[in-house]
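Visitor: Be aware that the sequence shown starts at 1, since it is given in UniProt numbering, and climbs by one per residue.
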Amino acid sequence: MNTTVQAYAQQLEAINYKSLWLGANMMEKIDGITDLTAFTRPIPELHSVAEIIGHLTALNINVINKIKAYLSIQQVYQPDYWRSNEELKTIGWKQLKEDYEQSILSLIILLKDKDDSFLEKTYQEDKFNGSNPFEFLLEGVIHHILYHLGQIGIIIKLLIRK
1 MNTTVQAYAQ QLEAINYKSL WLGANMMEKI DGITDLTAFT RPIPELHSVA
51 EIIGHLTALN INVINKIKAY LSIQQVYQPD YWRSNEELKT IGWKQLKEDY
101 EQSILSLIIL LKDKDDSFLE KTYQEDKFNG SNPFEFLLEG VIHHILYHLG
151 QIGIIIKLLI RK
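(1) Closer than 8 Å, CB to CB, is Leu46 near chain B or not?
(2) Touching or not, the region 141-158 and the region 122-133, by the rule of three or more beta carbon pairs under 8 Å?
(3) Could you check the C-alpha separation between Ala38 and Glu28 for me, to the nearest Å?
(4) Give the straight-line distance between the Cα atoms of Ala69 and Lys112, rounded to the nearest whole angstrom.
(5) Quick one, are the C-beta atoms of Trp93 and His55 less than 8 Å apart?
(6) Count the other CB atoms within 10 Å of the CB of Tyr147; is the residue buried (16 or more) or exposed (fewer)?
(7) Quick one, which of Pro42, Leu107 and Asp115 has its alpha-carbon nearest Thr3's?
(8) Hey, how far is the Cα of Leu137 from the Cα of Tyr123?
(9) Where in the UniProt domain "DinB-like" (27-152) do unbroken runs of the beta strand (DSSP E), each at least 3 residues long, occur, reported from the N-terminal end onward?
(10) Return the first residue and the last residue of the alpha helix (DSSP H) that Leu12 is part of.
(11) Look up Leu22 in the DSSP assignment and say whether it is helix, strand or coil.
(12) Which one of Lys97, Gly23, Leu88 and Gln102 has the shortest CA to CA distance from Val76?
(13) Under 7 Å Cβ to Cβ from Leu12, same chain only, skipping five residues before and after it: list those, please.
(14) Can you give the beta carbon distance from Ser48 to Thr40, rounded, assuming they're within the 8 Å contact cut?
(15) Tell me the rounded alpha-carbon separation between Glu120 and Asn65.
(16) Alpha carbon to alpha carbon, what distance is there between Ile61 and Ala24?
Set out below in structure tokens:
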């Protein structure tokens with residue numbers, strides 16, 4: 001049976017591509033902004049949209065790598081979690097969006113053929129010197145994306161008012 005793991009995959013797909021009761025999905029939110037807006041911090045204490053998208057891409061790649069390590073599949077390059085605007089500008093806004101989208105699609109594809117028993121399997125968490133079930137990881141990534149989706153909305157509103 002794979003109903004729960006499919007529900008996680010569907011949530012990831014919905015947050016990024018489908019209609020949400022909470023407003024615009026991630027792709028709608030980031031597709032409409034310019035390069036200038038993407039790399040602008042509304043105030044020094046807040047990240048830019050580009051920094052957040054780079055961060056979410058790194059988070060998604062980390063999750064993909066944890067699943068691939070469990071499956072003994074070659075892992076992919078892991079970028080830093082918080083890269084500077086200057087570094088991200090060299091990549092470009094268009095590529096950052098494409099990299100984010102590719103990371104989401106890759107994660108969804110990795111989950112599509114998993115059975116619910118996969119959610120009980122554990123991965124090693126180096127940061128916290130322990131292991132957690134994959135269900136904890138998937139719930140965390142969904143929550144994290146939603147958290148940053150809200151931040152992006154606020155950042156865009158602040159920049160539009162300037």
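Just so you know, even glycine gets a beta-carbon here, dropped at the ideal spot from N, CA and C.
The structure presented is a predicted model; accordingly, all values stated were derived computationally and were not measured.
Guide: With the given structure in hand:
(1) Considering every chain present, this structure includes no chain B. It has just one protein chain.
(2) Flag = no, the region 141-158 and the region 122-133 do not touch.
(3) Rounded to the nearest whole angstrom, the C-alpha separation of Ala38 and Glu28 is 14 Å.
(4) Pairing Ala69 with Lys112, the inter-Cα distance amounts to about 17 Å.
(5) Taking a C-beta distance under 8 Å as the contact criterion, Trp93 and His55 do not qualify as a contact pair.
(6) Counting Cβ neighbours within 10 Å, Tyr147 comes out exposed, since fewer than 16 surround it.
(7) Nearest option by C-alpha distance: Asp115.
(8) Taking the straight line joining both Cα atoms gives about 9 Å.
(9) Within the UniProt domain "DinB-like" (27-152), the complete beta strand (DSSP E) runs of at least 3 residues are 122-125 and 130-133.
(10) Here the alpha helix (DSSP H) through Leu12 covers Thr3 to Tyr17.
(11) DSSP places Leu22 in coil when its eight states are reduced to three.
(12) Closest in C-alpha terms to Val76, from the list Lys97, Gly23, Leu88 and Gln102, comes Gln102.
(13) Annotation for Leu12: Ile104, Leu107, Ile108 and Ile142 place their beta carbon closer than 7 Å to its own, counting only its chain and skipping 5 residues before and after.
(14) With a Cβ gap of about 6 Å, Ser48 and Thr40 count as contacting.
(15) Approximately 17 Å, taken between the alpha carbons.
(16) The alpha-carbon atoms of Ala24 and Ile61 are separated by roughly 24 Å.
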